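What follows is one structure encoded as structure tokens, with my remarks underneath.
Protein chains in written order, with the working numbering: chain A, 95 to 207; chain B, -7 to 104.
This is the structure:
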């Protein structure tokens, strides 16, 4: 199994600023993903974090707004840039190996004022 | 594109009852299917993973089945307890894609 931690657990930010969320896995994983979960909704995949290369973004999400880094097999960051109140959400990272269980972090609750 | 549906959206049962949660998917070419539990304000906890070659998986009071040909999975919870109250989500991974498609979840309330 894998244990995933995220920092920060929550934050309140001002419109127009940026926040970087960190995701740390306690073991090497081949796949890492970033999701957004708006209140009362299911998960929406933002992007797949690729180790050593640019992330693969889903339709509706762009690199300028959500830059992602993944320097190694255990760590990734997601930045929410130029935030607006519509970005208020829970951001979740997950990781796992191909064909195996996906594990999730506890989430980062973001409120943008 | 794979679409995942969960029915019902919400369920309220008395403690001790056996219950079934449903998950359906539109494309049967899946690599695996996973059931998760999410408590309010928390991340997702993995419950069961079923590979495409498997028909079911069991863990304690939970049993998940998979019927790829009909595009369905069920999560059976035996002797439900108030601590089972949470939102249950299923996710499928297609064969050709390294990503997961999530259903909208079933919110379960088990009344003491």
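Glycine included, C-beta positions come from ideal geometry on N, C-alpha and C. Note that the structure is predicted; figures quoted are calculated from it, not measured.
- Two segments are said to touch when three or more pairs of C-beta atoms, one from each, lie closer than 8 angstroms; by this definition the stretch 19 to 27 of chain B touches the stretch 40 to 54 of chain B.
- Looking at the DSSP output, residue 105 of chain A shares a beta bridge with A:204.
- In the DSSP annotation of this structure, the continuous segment of the beta strand (DSSP E) that includes residue 41 of chain B starts and ends at 36 to 43.
- Secondary structure note for residue 125 of chain A: its beta strand (DSSP E) is the uninterrupted segment 125 to 131.
- Among the residues facing chain A, residue 65 of chain B is not included, as its CB has no counterpart in that chain under 8 angstroms away.
- Within 8 angstroms of the CB of residue 136 of chain A, the CB atoms of chain B belong to 81, 94, 95, 96, 97, in sequence order along the chain.
- With respect to residue 174 of chain A, residue 112 of chain A sits close: the two C-beta atoms are nearer than 8 angstroms.
- At a C-beta separation below 7 angstroms, residue 197 of chain A has these neighbours in chain B: 38.
- Under the DSSP assignment, residue 26 of chain B falls in the beta strand (DSSP E) whose first and last residues are 22 to 30.
- In this structure, residue 47 of chain B and residue 57 of chain B form a Cβ contact; the two beta carbons are roughly 6 angstroms apart against a cut-off of 8 angstroms.
- Close partners of residue 200 of chain A in chain B (Cβ separation under 8 angstroms): 34, 35.
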